Amino acid sequence: MFFGGFGTNWNMAKPVAIPSILMSSLGVIITSGVTGMFCHMVIGTSLLEGLLIGAIAASTDAASVFAVLRSQKLNLRGSLASLLEVESGSNDPIAYMLTLILLTLMNNSGVELIAPMVIKQIAFGLAIGFILAKLSVYILRHSNFEIEGFYTIFITAIAILSYAFSEYLGGNGYLSVYISGIIIGNSRIPLKKSLVHFFDGISWIMQIMLFFMLGLLSFPSKLPNVFGIAMAISIFMIVIARPLATFIVLAKFKFSNKEKLFISWVGLRGAASVVFAIYAVTQGVAIENDIFHIIFFIALLSVGIQGSLIPTVARKLDLVDDNTPVLKTFNDYDGEISSKLIEVNVDEGNKWANKSIIDSNIPDDILIVMIKRKEQVLIPKGSTIIKTGDILVLSGDRIEELIQL
-10 MFFGGFGTNW
0 NMAKPVAIPS
10 ILMSSLGVII
20 TSGVTGMFCH
30 MVIGTSLLEG
40 LLIGAIAAST
50 DAASVFAVLR
60 SQKLNLRGSL
70 ASLLEVESGS
80 NDPIAYMLTL
90 ILLTLMNNSG
100 VELIAPMVIK
110 QIAFGLAIGF
120 ILAKLSVYIL
130 RHSNFEIEGF
140 YTIFITAIAI
150 LSYAFSEYLG
160 GNGYLSVYIS
170 GIIIGNSRIP
180 LKKSLVHFFD
190 GISWIMQIML
200 FFMLGLLSFP
210 SKLPNVFGIA
220 MAISIFMIVI
230 ARPLATFIVL
240 AKFKFSNKEK
250 LFISWVGLRG
260 AASVVFAIYA
270 VTQGVAIEND
280 IFHIIFFIAL
290 LSVGIQGSLI
300 PTVARKLDLV
310 DDNTPVLKTF
320 NDYDGEISSK
330 LIEVNVDEGN
340 KWANKSIIDS
350 NIPDDILIVM
360 IKRKEQVLIP
370 KGSTIIKTGD
380 ILVLSGDRIE
390 ELIQL
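Just so you know, our numbering puts 63 at position 74 of the sequence shown, and the rest follows in order with no gaps.
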């Protein structure tokens, strides 16, 4: 969840922020509801249990989507990649809330508890994620850790704290973690590129460990018993539920039918759904069907079939554009380096004078290559103070525009 926000380039995602958030909220609710009704009316589950299955399986797996886009270098047209990244990274909190609501109803805990719970989940999740992220950015900008490894330790601790503190207060820990990741990842902090690579690796390790533990918890002998049910639900979600939600949510936005079909296809179910299934079966609620193995099977089918066919579907729908590098949508992209250098004199009225580089709000695509100070030549760091009389050697794509500002 944290890397889903930390690795996403918000500047690239901003144009599709509204449809992305709608897909991760309203889209999840529609997918959950339609799937739940299918389970109830066709498979024969109780209404609440069917809706619970729908809620658990409704979220898409950010790690799987990121992995396909990165490994295949799938350069999609327009802002499709950014939309898919934001949607898949931010829909787990909604699926988690739906799961909690349905477990509350199934446990006969009282309908009157649902509204306060939802408000607390959203309010504390947003507030704690925002506050901890801003505090972290301030500390990172004004501290100079002697050992670079401390930066990874510090941000890892913040990710864990944002989840734990939010859950302790009754908030949505997943939402808090994602908000923290988005804010920290899109702020000017030291060693950002290295940190993105670090958390990408940690994300892969966690996925491997998670699927290993899921394998330990599952019983292969029980999979044939749920094969028919899981296959029916999986096909229904791929063919009807996800496309229906996509076309309804994106009806007012300027996406072509081909783009909507592709977004519908990239609704990968993964580890998050199985984790929610484990949570559901450990809450002491009476559940007739083997939800854990049903969801486990759905996740395997989704990642195995949908995930492997994403590049093929993109090409068949003519949505691949090699002029739009998909890696630009991630925070570690540095593929476009300008060879143009220019010198800028820092006079008394310059807005950068007497500020550290990291506090100067210099755009990310502008690089201070060198600082000439009297007879000295300085190699700049984030903590380096720009002084009146300095000569900055800049490299970037918008240097003239920056100087005018």
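For every residue, glycine included, the Cβ atom is placed at its ideal position computed from N, Cα and C. Being a predicted model, the structure only gives us computed values, none of them experimental.
For Phe139 and Pro352, the gap between their C-alpha atoms comes out near 25 angstroms.
A distance below 8 angstroms between beta-carbons, with the five flanking residues on each side excluded, links Thr377 to the following residues of its chain, in chain order: Val335, Asp336, Glu337, Asn339, Ala342, Asn343. In the DSSP assignment, Leu367 forms a beta bridge with Ile360. The Cβ atoms of Ile357 and Leu330 lie no closer than 8 angstroms to each other.
DSSP places Ile128 in the uninterrupted alpha helix (DSSP H) bounded by 103 to 131. In this structure, Val263 and Ile229 do not form a Cβ contact; the two beta carbons are roughly 22 angstroms apart against a cut-off of 8 angstroms. In this structure, Pro82 sits near Tyr163, with a CB-CB distance shorter than 8 angstroms. DSSP places Glu332 inside the beta strand (DSSP E), whose first and last residues are 330 to 334. The beta carbons of Ile168 and Phe119 sit closer together than 8 angstroms. In the DSSP assignment, the residues bridged to Ser345 are Ile374. When secondary structure is reduced to three states using DSSP, Ile380 falls in the strand class.
If you ignore the 5 residues before and after Thr373, its C-beta comes within less than 6 angstroms of the C-beta of Ile346, all in its own chain and listed in chain order. Here Val292 is buried, its C-beta having at least 16 other C-beta atoms within 10 Å.
Short of 6 angstroms from the beta carbon of Gln295, and not among the five residues preceding or following it, lie these beta carbons of its own chain, in chain order: Leu257.
Distance from the CA atom of Met359 to the CA atom of Met12, rounded to whole angstroms, is 45 angstroms. Linking Ile276 to Leu40 through their CA atoms gives a straight-line distance of about 12 angstroms. The Cβ atoms of Thr93 and Leu102 sit closer than 8 angstroms to each other. Contact between Asn214 and Glu38 does not hold, since their C-beta atoms are separated by about 17 angstroms, which reaches or exceeds 8 angstroms. Annotation for Leu150: the continuous alpha helix (DSSP H) segment containing it runs 138 to 157. A direct Cα-Cα distance of roughly 39 angstroms separates Ala146 from Val23.
When DSSP states are grouped into helix, strand and coil, Ile355 belongs to the strand group.
DSSP places Thr34 outside both helix and strand once states are collapsed to three, so it counts as coil. In the structure shown, Val100 adopts helical secondary structure according to DSSP, grouped into three states. Checking the DSSP bridge columns, you'll see Val309 partnered with Leu65. In this structure, the alpha-carbon of Asn175 lies about 43 angstroms from that of His29.
Excluding its 5 nearest sequence neighbours in each direction, Leu73 has C-beta neighbours in its own chain below 6 angstroms: Val54, Val255, listed in chain order.
Taking all protein chains in view, the Cβ of Val17 is crowded by 16 or more other Cβ atoms within 10 Å, so the residue is classified as buried. C-alpha of Ile375 to C-alpha of His131: approximately 15 angstroms in a straight line. Judged by their CB atoms, Leu129 and Ile178 are nearer to each other than the 8 angstroms cut-off. In terms of Cα proximity to Thr271, the closest of Ala52, Gly78, Lys3, Asn96 is Asn96.
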